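Asker:
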């Protein structure tokens, strides 16, 4: 099922894709082998899976030694190339991964998404096409902002560009899929993903020398603890603040686990997006590494204790 949030669909074409940080303002060309200048957003070195090494006979996809970075069509492009994660997504787990776009986006399509083993990547080697979402076995977000599945298209956002961070959140307990752009949710796009026996993260491109890097990939098993976390996070606080006061032991659990399984509120409005843009880098969202600076370092019997003035809060990642 393809769902397009109303608040982001109406004016998607009026917005332009934006990078995650200001490291990508310069438009000077960079060789695809030298794309390591920016590390913004790469604070957490968590990668539970990597990109699969392509067949030795294939020259359309180049995988780095650490299998995090993938480059498509390193010399020239004559069709569509794709890369797949090396680990299947299991039912009853929550998944979230992020891909940073390292090169300019152009051409027929550059996509981030997921699909099953039935996706025929060889058939598109000499065709310029939007591979992910062309059939019922795959789902994809295009750099143009289009979300595709089973030959259906919904325009959900302004898309992504060089320097953007594309996030994919899959809940295989409920069977939902949600995309993120620069760590802002676009809202749930698909339901009924549990009908697939096995899904894999996938990326594809038709653009010559296009490259992207996997910067984060984590998972959590669905449990009563995760469901309780969602209920707590969705409960409005008395003071109107988005943050909730929690016991220190539970705060530690949130800090170390489940920090991306909390419910999101869907796509932002244009006004909200403009406010975030004007705030610049001072409005950086909360991440696990930043939480380490908020919580006191005194750890006693499973609890963090601040002997001066305890102030334990949880911040929902918007």
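In the numbering used here, the protein residues as written are 10 to 327.
Just so it is clear, CB atoms sit at the ideal spot from N, CA and C, and this is done for glycine as well.
None of these values were measured; they are calculated from a predicted model.
What does residue 188 pair with, by DSSP beta-bridge criteria?
Answerer: In DSSP, residue 188 forms a bridge with 177.
Asker: In the DSSP assignment, what residue or residues form a beta bridge with residue 155?
Answerer: Answer is 164.
Asker: Where does residue 147 fall in DSSP's three states?
Answerer: Residue state, collapsed to three classes: strand.
Asker: In this structure, what does DSSP give as the bridge partners for residue 134?
Answerer: Answer is none; residue 134 lacks a bridge partner.
Asker: Would you mind working out which of 154, 132, 172 and 156 sits nearest residue 51, comparing C-alpha positions?
Answerer: It is 172 whose Cα lies nearest to the Cα of residue 51.
Asker: Which of the three DSSP states is assigned to residue 128 in this structure?
Answerer: Here residue 128 sits in coil by DSSP.
Asker: Since residue 107 is in the beta strand (DSSP E), which residue starts that stretch and which ends it?
Answerer: Segment 102 to 110, the beta strand (DSSP E) holding residue 107.
Asker: Around the C-beta of residue 208, are 16 or more other C-beta atoms found within 10 angstroms, so that it is buried, or is it exposed?
Answerer: That one is buried.
Asker: Residue 93 to residue 61, Cα distance in whole Å?
Answerer: When rounded, the distance between both Cα atoms is 6 Å.
Asker: In this structure, does DSSP put residue 332 in helix, strand or coil?
Answerer: Only positions 10 to 327 of the chain appear in the structure, and residue 332 is not among them; the question remains open.
Asker: So what's residue 240 in DSSP terms, helix, strand or just coil?
Answerer: Helix.
Asker: Can you tell which of 76, 86 and 163 has the C-alpha that lies nearest to the C-alpha of residue 221?
Answerer: Residue 76 is the option with its Cα nearest to residue 221.
Asker: Do the segment 159 to 172 and the segment 106 to 115 make contact, defined as three or more Cβ pairs closer than 8 Å?
Answerer: Yes: at least three Cβ pairs fall under 8 Å.
Asker: Count the other CB atoms, across all protein chains shown, that sit within 10 Å of the CB of residue 191; report buried if there are 16 or more and exposed otherwise.
Answerer: Residue 191 is buried by the Cβ-count criterion.
Asker: Just to confirm, are residue 100 and residue 217 a CB contact at a threshold of 8 Å?
Answerer: No; because the gap between Cβ atoms is not below 8 Å, this pair is not in contact.
Asker: Under 8 Å, with one C-beta from each stretch per pair, do the segment 137 to 146 and the segment 182 to 190 reach the 3-pair mark?
Answerer: No, the segment 137 to 146 is not in contact with the segment 182 to 190.
Asker: My guess is that residue 121 and residue 175 are in contact by the Cβ rule of under 8 Å, so how many angstroms apart are they, rounded?
Answerer: About 5 Å; that satisfies the 8 Å criterion.
Asker: Who are residue 193's beta bridge partners in DSSP?
Answerer: Paired residues: 190.
Asker: Out of 234, 225, 230 and 214, state which residue places its alpha-carbon closest to the alpha-carbon of residue 86.
Answerer: Checked all of 234, 225, 230 and 214; the closest Cα to residue 86 is 214.
Asker: Check residue 230 in the structure and name its three-state DSSP category.
Answerer: Correct three-state label for residue 230: strand.
Asker: Just mark residue 219 as buried or exposed, buried being the case when its beta carbon has 16 or more other beta carbons within 10 Å.
Answerer: The residue is buried, with at least 16 neighbouring Cβ atoms inside 10 Å.
Asker: Taking the beta strand (DSSP E) that residue 93 belongs to, which residues open and close that run?
Answerer: Here the beta strand (DSSP E) through residue 93 covers 90 to 93.
Asker: How is residue 25 classed by DSSP in three states: helix, strand or coil?
Answerer: Note: residue 25 maps to coil in three-state DSSP.
Asker: CB residue 179 to CB residue 104, shorter than 8 Å?
Answerer: In contact: residue 179 and residue 104 (Cβ atoms closer than 8 Å).
Asker: Hey, quick one: how far does the beta strand (DSSP E) through residue 78 stretch, first residue to last?
Answerer: Its beta strand (DSSP E) spans residues 78 to 81.
Asker: Are the beta-carbon atoms of residue 148 and residue 123 separated by less than 8 Å?
Answerer: Yes; because the gap between Cβ atoms is below 8 Å, this pair is in contact.
Asker: Which whole-angstrom value is the C-beta distance of residue 223 and residue 108, which I expect to be below 8 Å?
Answerer: Contact holds; Cβ gap of about 6 Å.
Asker: In whole angstroms, give me the CA-to-CA distance for residue 98 and residue 199.
Answerer: Whole-angstrom Cα-Cα distance: 16 Å.
Asker: Given that a residue counts as buried once 16 or more other Cβ atoms are within 10 Å of its Cβ, and exposed if not, what is residue 46?
Answerer: Exposed.
Asker: What's the C-alpha gap between residue 32 and residue 64?
Answerer: Roughly 34 Å separates the two Cα atoms.
Asker: When you compare the CB positions of residue 102 and residue 203, do they come within less than 8 Å of one another, or not?
Answerer: For residue 102 and residue 203, no; Cβs fall outside 8 Å.
Asker: At which residues does the beta strand (DSSP E) containing residue 70 begin and terminate?
Answerer: Counting along the chain, the beta strand (DSSP E) containing residue 70 begins and ends at 70 to 72.
Asker: Tell me which same chain residues have a C-beta within less than 6 Å of the C-beta of residue 156, skipping the five on either side of it?
Answerer: Only 150, 163, 165 and 198 meet the Cβ criterion.
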